[in-house]
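> Residue numbers (this note's numbering), protein chains in the order written: chain A, 3 to 286; chain B, 1086 to 1381; chain C, 12 to 264; chain D, 12 to 264; chain E, 289 to 507; chain F, 289 to 507.
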Ligand SMILES: Nc1ncnc2c1ncn2[C@@H]1O[C@H](COP(=O)(O)OP(=O)(O)OP(=O)(O)O)[C@@H](O)[C@H]1O
Ligand SMILES: Nc1ncnc2c1ncn2[C@@H]1O[C@H](COP(=O)(O)OP(=O)(O)OP(=O)(O)O)[C@@H](O)[C@H]1O
Ligand SMILES: [Mg+2]
Ligand SMILES: [Mg+2]
Ligand SMILES: O=P([O-])([O-])[O-]
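Structure representation (structure tokens):
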């Protein structure tokens, strides 16, 4: 029996080590970016356009661009996704068809984002002739996060105990009333979490917007949804891979990386906080 | 005022309408991919396309063999999962079976947060930190290699693996653990002979999804994998995974050209690979469902 | 009180897909009486109960033959309004299932669904229903509190109050006390007995002693058939069918 | 058979954090007898039971005073090997919890964990345990089948077989039949009665009738105190304490 | 709110007392019909025994229903089981009253043998015992019940005394034989009534103390 | 495996039969001690009544335990409740056998009055009724039980006949009075034994058919 105890000690040691490794590597990345990037951060950096062939100045247009694209994606994807999820879980007859649709949605959630980029390019930029624009980019990002939102909402809805529906129907409530009053309220945290995670994803994505919305440089803020915009992730990519001024723009790169990271992690953090808050309040 | 029944019906149809749109859109994607990708068959046979060893889309005549790209993806992905799976699963087991509640409640959300870090940030980090380090370490001409990409992807994929595996482990009913301990076994024995097997399908799913995450990754590999369209023999060579290839060349490909169709065809291949992985994950999680294990 | 038939079930046959779950069941359920349904697991008690307010409609692939008349109206006719039916036939489930809302909102849920918006009237209904369900004293000071914070027995009585709030005539209960401790169970049983003065109650239980304690009539189901239906007194002291006798004396299976 | 004390509990006090869950409990549990623990919900029955095989160790922040001797040895002394203790004191839980493995592997789990690898010996142990748990005939042809495919009652008997396979001397059961239908319950009760020939059994139940049916001794707990402990016969026909009388005659609370 | 079960228990108790009162009345009437040579009253008393009989059946059914439907335990259980015994005792006492009436009817057809002195005293004592035993039952009063048990001796003594007296009568005048024998039967009946009251008292003691005192059992 | 409860029910039944056998034996011995003027046997029989008394207490405790611990229903419940009644009947029959012995002891001190003819016949009949009622109980045989009920008439007739005969004796010879009265008591005791057997038979019918046939009740 003592041997069993020794096995246990050794094994637990290994597990601890793994955890430590993972946590420290991830921590290292953030700490490193933070350390290097924080010196680049300043009010000007956030509120001014890049200057001098993007070797100086700030990231304001990119920040605005990312916000526009993300907002557009949400406006498009949120209602569609939630409504689709409600239909699939509450109304559609659960059978082979729904299962196939579900599989298709799941699968699209895992399709490389570059594929969405290609689709956006072919569909919105070329076929519908929006050109590279906020509209095309938003729609592409919207479609990219649509599966995430549908899936998260569906899961949230499916997690609502059947008994709530039965209880409501047994009280003589109509189907819509049941969904609206008994099913949706407790499902909101789940739907919200899924949505916010989607927002984070949309804000951080690069590949889908390269062909559909982003431009290297524009100092001017967008005036209409048919304008091209700069975006933070693409901006970072451009700075980091454009060999000529690599060393010179390094502080800018760190700054951009930090802002992007902060933006996305901030959004995700909100999701986590909302989830834990609401979960604590609504329990069954 | 319309009757209650009428109102219900109206609302139902409204939902049907929205659902149809989103499903339609999602299926449109596939339609487009195939529409743009399939024409490549007229230029090159599917077998030559998949197994051709050279990728020279701009030569005259062009060569559309994507084997180097596939091998690039494979090399990078295998490298990534050898890092992500052991570390990820071990961490998940630690969190659910060993760590006390406080540690677990702190670390779990942190790791989930990290899953949201944009890939371009990882790419950037790889580019400015890891690549030079690899270059120095192995004394290479360039630090942008399959290994560098593997490391970055491994780090990127591990939160996915940890998070889903840990969910699977935590949702193994506490009663299994109690049953095992009550039979006079140690915690470790309980973990490996009851908890992990019960969560196995969830853990497998986690690994497959981690792998999918590595395969579908675009920006990171674009930035750190080096970009050479050759079949790698060691991990220390630069490679050009499929995703990186698409994004790198799409800007130059003339709309409607063979090159253009070839890039879409690569997307189709990627689509099928992801589909296969997802189906596998789905199958595994359904297969063992009744044994009480956790899935997504 | 005259014995009036409230529910009349005639030659009811019920299928889940191709599986027959009820086989030619006929039963007369009396007004203002408590009718208990007992029988081994899977014999169709819950199915029968849910036929009475058409909750089985929710399960796809079910089929029903025979007649179910409530107050003389065929509830399975094409013109039946299911929502109206369910307002008349309330239901309480095995596991207490309050909504994750406040106690007040739980009870007000039904009335609100039926269009009552007036705050004073709602308050009135809520108070009355909670009183009828013998839980008013325990919760009157915390109506705004979440219903999830109540104990199991209190939750179940809240669910009964919720069902009473829509002013039904019939209350169906599917093993309403099976998840409760003996003391809460006793309270629920006492409540059920009081409620019969105003309502017709049908209760499913796999606890024979409970059926014996609370009901006026008892039906014994076996493999989808109604083996014996009569006076509770009679069933438990001198059943007519030997299968009933075997079951209640514990000699079965 | 002589009446030997198997477990001796002396002035046991148990805390969850700062909440006292057991208050000065002393009890002598006889060898080869069935001891039932009854009482209202939350009175500390499960806590007491889990003290006996130190399953409470798993809950952080618990504190224990007093003595628990099994066969004369203090199980809470520093030198006690908890793993050995739990081999000696088997446990069966309220909800049947077979592992998601084959029937065979479920029963062989304990012996294997304790180092038995020999196939023939394992087969022997499995067969014997299943026989003792009165489920051998029902499963002998499907030992390779998953245990999850058994019915609730069969699962619970399988869990008993699993506990028997490690050859314990004492079996603790925490409401082993509360989730079962009456027929399965009767089978489990019959089994418990047979098992007492070889084992010392302590069973928690909130079903007084069940305690009355199966046990030799009964202890009545209330708010963490052991109010009365004696012959089952005596407790149910002529209890000494008026609180016991009130509880068993249903006049309590 | 009062528990339903307790209401039913209460109803059982009430009916038992009602039955006790009927039996007491029957005994009183029987003795009265004898002493006052009132054959009509005797007839009436015999007739009204059917009421007691019906109550017996009704009460026994109530008890069985309670046992089947309420699964009583401890004190409640003892109350109901002993209740069924008490019912039987009461019914038997009712029958004995009828027997007294029957003998009274026969005696009333013949001239009086002698004024009854001890017999009414004995009957009164027996009635008191019945009353007290039922009181003890209702009030769960073991002391009273014990007193009833002790009083039985008195009745037995009176019975013996009456028998000896009657024997003298008969020996002196054989024409009195058939009457004397009838009277001795009546004395015997009353003695039995006392015995049954004692049974009830013993049952009360068992019910309250959960201890059997019959046949001098103690532990 | 056989249910534990059934084992206990079985044990109750067995003990009831054992008690029945003891009572039968007691009656037989009582009559024998009378007919054969065997005072020793009478003494012994009186003495051994304590065994019956103890069985009564034991059986009643068993029944109460079963009611408390097993919550029997339907047939089982009727069996146990009627069982407790049968126990009382048996115990009472045991007492009556003792009473017979007591009278026998008294009679044996005096010269025989006349050879007993009807009395043993009557006793035999009563024993048979007891035996048959218990058989009916064990076999749940209502026909046999009905027969027992009908047989009771025979015993009543014999009792009356004996009484009339004894009356003649007494009138003829006053010296026989005290003996004759004792014999008439014995006859009465046997009649009561028959009554108790009838009670048992009625209980059997109720138990099996769940129908009360006492007091000519039918529905
Ligand atoms: N949704 C369903 N689909 C298919 N079969 C079902 C469904 N619900 C119940 N059944 C079957 O119908 C039969 C009757 O089930 P029902 O739930 O009415 O039994 P029950 O008497 O309520 O049992 P229990 O006491 O276990 O609740 C069973 O054989 C069951 O397997
Ligand atoms: N893990 C725990 N942490 C804190 N308090 C606990 C814990 N488990 C039980 N308690 C408290 O200890 C007391 C006794 O609980 P226990 O589970 O022993 O009761 P029980 O008699 O088994 O009740 P039941 O019949 O509901 O199972 C209760 O007040 C309960 O709230
Ligand atoms: Mg059911
Ligand atoms: Mg417990
Ligand atoms: O396309 P990405 O996932 O690399 O941003």
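Where a beta carbon is used, it is the ideal one built from N, C-alpha and C, also for glycine.
Whole angstroms is fine: what's the gap from residue 1134 (chain B)'s alpha carbon to residue 1140 (chain B)'s?
Computed Cα separation, rounded: 9 Å.
> So, is the C-beta of residue 115 (chain D) closer than 8 Å to a C-beta in chain B?
No, because no Cβ of chain B sits closer than 8 Å to the Cβ of residue 115 (chain D).
> Could you tell me which whole alpha helix (DSSP H) segments of length 4 or greater appear in the segment 381–459 of chain E?
Runs found: 406–427.
> Between residue 55 (chain D) and ligand 2, is there a pair consisting of the residue's CB and a ligand heavy atom that are separated by less than 7 Å?
True, at least one ligand heavy atom lies under 7 Å from that Cβ.
> Listing by chain order, which chain F residues have their CB less than 9 Å from the CB of residue 247 (chain C)?
Chain F residues near residue 247 (chain C): 361, 362, 365.
> Can you have a look at residue 1226 (chain B) and say buried or exposed, based on whether 16 or more other CB atoms are within 10 angstroms of its CB?
Counting Cβ neighbours within 10 Å, residue 1226 (chain B) comes out exposed, since fewer than 16 surround it.
> Using DSSP with H/G/I as helix, E/B as strand and the rest coil, what is residue 227 (chain A)?
DSSP places residue 227 (chain A) in coil when its eight states are reduced to three.
> Considering just the uninterrupted stretch of the beta strand (DSSP E) at residue 496 (chain F), what are its terminal residues?
No beta strand (DSSP E) holds residue 496 (chain F); the alpha helix (DSSP H) holding it covers 465–497.
> Going by other Cβ atoms of all chains shown within 10 Å of its Cβ, with 16 needed for buried, is residue 124 (chain A) buried or exposed?
Result: buried.
> Residues bridged to residue 41 (chain D) by DSSP?
Looking at the DSSP assignment, residue 41 (chain D) forms a beta bridge with D:16.
> Indicate the three-state DSSP secondary structure (helix, strand or coil) for residue 22 (chain C) in the structure shown.
Here residue 22 (chain C) sits in strand by DSSP.
> Just confirm the distance between the C-beta atoms of residue 1169 (chain B) and residue 1242 (chain B), as a whole number of angstroms; I'd bet it's less than 8 Å.
At roughly 4 Å, the Cβ-Cβ gap stays under 8 Å, so residue 1169 (chain B) and residue 1242 (chain B) are in contact.
> Whose C-beta lies closer than 6 Å to the C-beta of residue 473 (chain F) among residues of the same chain, with five residues either side of it excluded?
391, listed in sequence order.
> Once the 5 residues before and after residue 1311 (chain B) are set aside, which same chain residues still bring their CB inside 7 Å of it?
Here the set comprises 1227, 1229, 1230, 1323, 1324.
> Counting along the chain, where does the beta strand (DSSP E) carrying residue 242 (chain C) start and finish?
Start and end: 236–242.
> My output table needs one value for residue 361 (chain E): the three-state DSSP class, helix, strand or coil.
It is coil, neither helix nor strand.
> Could you tell me the distance, in whole angstroms, from the CA atom of residue 186 (chain D) to the CA atom of residue 264 (chain A)?
The straight-line gap from Cα to Cα measures roughly 53 Å.
> Interface residues of chain C around residue 261 (chain D) at Cβ under 8 Å?
In chain order: 193, 197.
> Would you check whether ligand 1 has a heavy atom nearer than 7 Å to the C-beta of residue 26 (chain C)?
No, since every heavy atom of ligand 1 falls outside the 7 Å radius drawn around the Cβ of residue 26 (chain C).
> Taking residue 352 (chain E) as the query, report the chain C residues whose CB atoms sit under 8 Å from its CB, ordered along the chain.
What residue 352 (chain E) touches in chain C: 248.
> Which residue from C:22, C:36, C:20, C:28 puts its Cα closest to that of residue 234 (chain C)?
The candidate whose alpha carbon is nearest that of residue 234 (chain C) is C:36.
> Alpha carbons only, please: which of D:243, D:52, D:82, D:199 is nearest the one belonging to residue 162 (chain D)?
Closest by alpha carbon: D:199.
> Could you check whether the Cβ of residue 51 (chain C) sits closer than 8 Å to any Cβ belonging to chain A?
For residue 51 (chain C), the answer is no, since every Cβ of chain A falls outside 8 Å of its Cβ.
> Residues of chain D with CB under 8 Å from residue 293 (chain E), in chain order?
Going along chain D in sequence order, the residues near residue 293 (chain E) (Cβ under 8 Å) are 261.
> Residue 496 (chain E) and residue 301 (chain E): beta carbons closer than 8 Å?
The answer is no: Cβ separation not under 8 Å.
> Rounded to whole angstroms, how far is the Cβ of residue 226 (chain C) from the Cβ of residue 243 (chain C), which I believe are closer than 8 Å?
Yes, they are in contact, since the Cβ atoms of residue 226 (chain C) and residue 243 (chain C) sit about 5 Å apart, within 8 Å.
> What number of angstroms, rounded off, separates the C-alpha of residue 164 (chain A) from the C-alpha of residue 173 (chain C)?
Going by the C-alpha atoms only, they are around 17 Å apart.
> Ligand 1 and residue 92 (chain C): does any heavy atom of the ligand fall closer than 7 Å to the residue's C-beta?
Because no heavy atom of ligand 1 lies under 7 Å away, the Cβ of residue 92 (chain C) does not count as near it: no.
> My assumption, with CB atoms under 8 Å, is that residue 62 (chain C) sits in contact with residue 79 (chain C). Please give the rounded CB distance.
Between residue 79 (chain C) and residue 62 (chain C) the Cβ distance is about 6 Å, and since that is below 8 Å, they are a contact.
> Which residues of chain C have a Cβ atom closer than 8 Å to the Cβ of residue 217 (chain D), listed in chain order?
By Cβ distance, chain C contributes 192, 193.
> Mind listing which residues of the segment 1256–1277 of chain B have their C-beta closer than 8 Å to chain D's C-betas, in chain order?
Result list: 1258, 1260, 1261, 1263, 1264, 1265, 1266, 1267, 1268, 1269, 1270, 1271, 1274.
> Which residue or residues does DSSP assign as beta-bridge partners of residue 1032 (chain B)?
Because residue 1032 (chain B) is not part of the residues shown, which for chain B are 1086 to 1381, the question remains open.
> Please list, in chain order, the chain F residues whose beta carbon lies closer than 7 Å to that of residue 255 (chain D).
Under the 7 Å cutoff, chain F gives no residues; its nearest Cβ is about 13 Å from residue 255 (chain D).
> Could you list the residues in the segment 1337–1368 of chain B with a C-beta less than 8 Å from some C-beta on chain A, going in chain order?
Answer in chain order: 1340, 1348, 1349, 1352, 1355, 1356, 1359, 1360, 1362, 1363, 1364, 1367.
> Where does residue 1323 (chain B) fall in DSSP's three states?
Coil, per DSSP.
> Would residue 143 (chain C) be called buried (16 or more neighbouring beta carbons within 10 Å of its own) or exposed?
Looking at its Cβ environment, which holds 16 or more other Cβ atoms inside 10 Å, residue 143 (chain C) is buried.
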